[in-house]
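**Q** Chains as they are written, first to last, in my numbering: chain H, 1 to 403; chain R, 404 to 806.
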């Protein structure tokens with residue numbers, strides 16, 4: 001008996017990152033490949049206290065089935081935080097708790113995407129979004145990123161030509177590039193979007209992790225109900241909890257709730273109560289400030305090491321927050337070849353290709369700086385610089401080709 | 404700006420159960436409507452100890468991102484339990500941890516269903532499955548249930564005529580009917596299935612909750628890799644944790660993992676560790692025995708009250724386990740009309756219609772007995788019997804029609 005799978009399964013590839021993570025299981029490999037926050041940032045003891053308080057005070061209620069929308073106090077916290085960060089007025093009815101913001105992408109795909117519908121992505125773009133949307137067999141379009149944000153002329157052109165249903169973007173410290181949209185860029189992009197029916201999906205898992213520059217407003221400030229905002233506790237509390245959320249206007253939220261219910265009834269309600277309790281009993285701003293300082297040190301350390309060890313014609317972004325840097329090798333140099341050479345030297349990263357919908361090999365790569373300490377960052381960047389230098393000078397080239 | 408949703412959203416209705424739950428928010432209503440386990444069965448203190456042990460011993464590891472497949476010790480526990488219950492040999496590589504078994508349905512839909520593909524359901528069938536599969540716009544077929552299981556002749560006919568890709572069933576204490584497949588019925592159904600390529604989806608959330616009769620083997624015993632088995636900790640540990648699993652052969656599992664990763668990366672890893680720890684430190688058999696005794700008492704109580712208060716031409720199933728009874732009213736009597744009359748008398752249930760893919764009003768209804776104590780069961784069944792009697796005798800009929 002031959003098993004016949006759905007056609008959509010041909011559109012989605014097993015994540016290249018997961019394949020890389022297999023290489024990096026070897027503890028002697030210094031890995032800049034994953035997208036993991038520093039475990040040193042997780043509030044283990046405070047979560048322990050919160051879990052105990054929830055079970056002692058809420059008892060069996062904390063372990064029963066719950067509402068699809070999510071735990072109300074957690075949704076109220078999210079609304080209050082949007083008000084504080086951006087002056088955004090959002091009601092709990094506009095918040096749906098999801099299994100991490102990744103599930104938000106799946107639910108948005110379910111609610112909006114018929115086969116062949118247009119989805120606009122940044123190039124490079126978040127590979128988890130490429131995977132999630134691919135299951136709905138859309139037609140992808142892309143728009144390039146510049147130092148200050150999305151290329152607005154290109155955005156206007158693609159909106160006019162293709163009228164995509166969704167535009168998915170990560171305006172703060174983008175994964176993979178580390179780039180952010182400036183305030184002026186947001187205003188210009190929003191002005192163009194408002195002339196079209198395209199819904200803007202603003203994924204913001206890193207926005208709270210700013211360690212340089214000035215906070216810019218959420219695109220929702222300019223776009224209102226034309227935007228859907230995704231958030232996550234993964235990078236500011238703990239990713240194992242799989243707690244993210246979707247913020248959307250009621251007309252859209254109604255459909256998202258139907259899709260969420262059909263998909264898994266509701267998000268882990270015990271975890272929702274534990275995190276809500278943690279947030280009520282602890283100072284999140286103080287906690288985030290510690291994470292910011294740690295990530296600033298690691299980002300500075302990586303930037304310094306890059307300046308010292310990378311060949312001068314390799315260019316890197318300098319993020320103002322978040323978790324990633326993006327390196328561009330000289331034209332024609334393959335980051336997949338570099339990955340092979342580097343992994344033999346026990347250092348890993350993610351080659352750029354999986355962040356594009358239309359390229360199989362590129363001269364770009366992603367570096368994560370949040371999950372390595374400073375000694376590892378210096379040693380790893382030194383090894384990686386050596387691999388680049390050897391590759392540029394042709395040393396060992398024959399051996400690599402011969403494999 | 405008009406929001407244009409995906410076509411599939413027209414195929415799935417907001418669950419009628421959720422609408423009913425709004426009625427039952429009033430605490431003076433006795434509800435047999437929900438599908439909730441008894442909160443008295445939740446091991447609150449043992450979960451508290453397990454959560455503390457996990458955070459104290461595993462620390463930040465318990466809060467980091469984890470593998471898509473799920474926490475290995477939990478998957479090993481599931482394999483060991485299948486070996487013990489059924490003598491089934493399953494490896495951890497054949498187990499994927501999901502957000503409750505509801506997510507298993509979504510992932511199976513993603514992996515197998517193209518638009519218009521055939522899905523065979525029991526009639527009546529689990530409405531969560533109808534909802535989950537509806538998102539993939541399949542063509543539904545149905546096969547009736549008998550007292551001893553699926554109607555095998557009808558099964559054979561529909562397999563031959565329509566060759567559905569999937570046959571979804573709940574062979575133990577089915578939701579909504581409470582009926583179970585006998586051992587002989589399983590053998591006959593499996594013999595028919597083996598002559599076709601249809602994959603059998605065996606959803607088994609209630610199998611451990613047997614309080615009468617003899618345990619029957621899993622259909623996987625007969626079907627091997629032609630079956631996909633779904634399980635859940637929701638009814639034997641706690642539903643808030645949203646921990647279920649899919650058991651499938653490696654060829655299928657590979658695709659399910661890709662779909663799971665695209666859908667939400669992985670299931671809450673903290674909850675997986677907590678439940679694994681709970682299972683390691685406690686005697687699950689002893690815990691389940693307590694639940695069985697409680698549910699047997701409540702089931703007996705409901706059956707006794709039904710014998711006393713329901714009109715004699717209302718017929719009910721007598722389940723050997725699980726959470727539900729299924730009542731059949733006299734031909735032509737609407738369970739939706741009965742719901743309206745009963746809710747005015749402050750007792751609620753689920754009318755049968757949402758458990759069918761092709762009927763909008765029927766003379767059947769579902770009664771849950773696990774989430775009410777014995778006093779509430781007696782009082783609620785008394786009220787419901789009164790509503791039935793009044794309706795059958797035409798008392799108050801004018802007022803109902805006049806609304």
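Positions of the beta carbon are idealized from the N, C-alpha and C atoms, including for glycine.
Grab the span of the beta strand (DSSP E) containing residue 669/R for me, first residue to last.
**A** Careful: residue 669/R lies outside any beta strand (DSSP E) and carries neither H nor E.
**Q** Measuring only the C-alpha atoms, how far is residue 618/R from residue 573/R?
**A** Looking at the two C-alpha atoms, the distance is approximately 14 Å.
**Q** Taking the alpha-carbon positions, what's the residue 42/H to residue 136/H distance?
**A** Going by the C-alpha atoms only, they are around 35 Å apart.
**Q** For residue 393/H, is the classification buried or exposed, using 16 other Cβ atoms within 10 angstroms of its Cβ as the cut-off for buried?
**A** Its Cβ having fewer than 16 others within 10 Å, residue 393/H is exposed.
**Q** Could you give the DSSP three-state label for residue 139/H: helix, strand or coil?
**A** If DSSP states are grouped into helix, strand and coil, residue 139/H belongs with the strands.
**Q** Can you tell me which of the three DSSP states residue 104/H falls into?
**A** Looking at residue 104/H - three-state DSSP - the assignment turns out to be helix.
**Q** When we look at the beta-carbon of residue 141/H and count the other beta-carbons within 10 Å, is it buried (16 or more) or exposed?
**A** So residue 141/H counts as buried.
**Q** Between residue 786/R and residue 580/R, what straight-line distance do the alpha-carbon atoms span, to the nearest angstrom?
**A** Approximately 22 Å, taken between the alpha carbons.
**Q** Between the Cα of residue 48/H and those of 271/H, 354/H and 288/H, spot the shortest distance and give me the residue it belongs to.
**A** Of 271/H, 354/H and 288/H, the residue nearest in Cα terms is 271/H.
**Q** Taking 8 Å as the limit between beta carbons, can you name the residues of its chain near residue 145/H, skipping five residues before and five after?
**A** So the list reads 122, 123, 124, 151, 174, 177 and 179, once near-sequence residues are dropped.
**Q** Output, in chain order, the set of chain R residues within a Cβ distance shorter than 9 Å of residue 374/H.
**A** Residues of chain R passing the Cβ test: none, with the nearest at roughly 18 Å.
**Q** Going by DSSP, name the residue or residues bridged to residue 351/H.
**A** Residue 351/H pairs with 365/H.
**Q** So which residues on chain H does residue 707/R lean against when the C-beta distance must stay under 7 Å?
**A** Those do not exist, as residue 707/R stays about 27 Å from chain H at its closest Cβ, beyond 7 Å.
**Q** From which residue to which residue does the beta strand (DSSP E) around residue 639/R run?
**A** Element bounds for residue 639/R: n/a, residue is neither H nor E.
**Q** On the three-pair Cβ rule with 8 Å, is the segment 303 to 316 of chain H touching the segment 194 to 214 of chain H?
**A** With a cut-off of 8 Å, the segment 194 to 214 of chain H and the segment 303 to 316 of chain H do not count as touching, because too few Cβ pairs lie within range.
**Q** What does DSSP give as the partner residues of residue 333/H in its beta bridges?
**A** The partner list for residue 333/H (beta bridge, DSSP) is empty, contrary to what the question assumes.
**Q** Looking at residue 293/H: is its Cβ nearer than 9 Å to the Cβ of residue 211/H?
**A** In contact: residue 293/H and residue 211/H (Cβ atoms closer than 9 Å).
**Q** Suppose you measure from the CA of residue 356/H to the CA of residue 251/H; what does that come to, to the nearest Å?
**A** Their backbone Cα atoms lie some 32 Å apart in a straight line.
**Q** Based on the DSSP secondary-structure assignment, which residues constitute the bridge partners of residue 316/H?
**A** In the DSSP output, where bridge partners are listed per residue, residue 316/H has 327/H.
**Q** How many Å lie between residue 65/H and residue 591/R at the Cα?
**A** So the two alpha carbons sit approximately 36 Å from each other.
**Q** Taking only beta carbons into account, state which residues of the segment 663 to 680 of chain R come closer than 9 Å to chain H, listed in chain order.
**A** Here the close residues are 664, 665, 666, 667, 668, 669, 670, 671, 672, 673, 674, 675, 676 and 677.
**Q** Measure the C-alpha to C-alpha separation of residue 728/R and residue 772/R and round it to an integer number of angstroms.
**A** Whole-angstrom Cα-Cα distance: 8 Å.
**Q** Is there contact here, the segment 64 to 79 of chain H with the segment 259 to 268 of chain H, by at least three beta-carbon pairs under 8 Å?
**A** Short answer: they touch.
**Q** With DSSP run on the structure shown, which of helix, strand or coil describes residue 759/R?
**A** Residue 759/R falls in the coil class under three-state DSSP.
**Q** Taking DSSP as the reference, what is the three-state secondary structure of residue 614/R?
**A** Three-state result, residue 614/R: coil.
**Q** On the DSSP bridge list, what partners appear for residue 145/H?
**A** Residue 145/H pairs with 150/H.
**Q** Indicate the three-state DSSP secondary structure (helix, strand or coil) for residue 119/H in the structure shown.
**A** In the structure shown, residue 119/H sits in a strand (DSSP, three-state: E or B).
**Q** Mapping DSSP to helix, strand and coil, what is residue 603/R?
**A** If DSSP states are grouped into helix, strand and coil, residue 603/R belongs with the strands.
**Q** Who are residue 20/H's beta bridge partners in DSSP?
**A** Partner(s): none; residue 20/H has no beta bridge.
**Q** Check distances from the C-beta atoms of the segment 110 to 122 of chain H to those of chain R and list, in chain order, the residues that come in under 9 Å.
**A** Under the 9 Å Cβ criterion, the segment 110 to 122 of chain H contributes 110, 111, 112, 113, 114, 115 and 117.
**Q** Label residue 10/H either buried or exposed according to how many other C-beta atoms from any shown protein chain fall within 10 Å of its C-beta, with 16 as the threshold for buried.
**A** By the neighbour-count rule (16 or more Cβ atoms within 10 Å), residue 10/H is not buried but exposed.
**Q** Below 8 Å on the Cβ atoms is my guess for residue 507/R versus residue 626/R; work out the distance and round it to an integer in Å.
**A** Going by Cβ atoms, the distance from residue 507/R to residue 626/R rounds to 17 Å, so no, they are not a contact pair.
**Q** How many Å lie between residue 341/H and residue 311/H at the Cα?
**A** Taking the straight line from one Cα to the other gives about 16 Å.
**Q** Run down chain H in chain order and give the residues with a C-beta less than 9 Å from the C-beta of residue 717/R.
**A** Correct list: empty, because the minimum Cβ distance to chain H is about 29 Å.
**Q** On the DSSP bridge list, what partners appear for residue 625/R?
**A** Residue 625/R pairs with nothing; no bridge assigned.
**Q** Do you know how far the Cα of residue 62/H is from the Cα of residue 55/H?
**A** When rounded, the distance between both Cα atoms is 7 Å.
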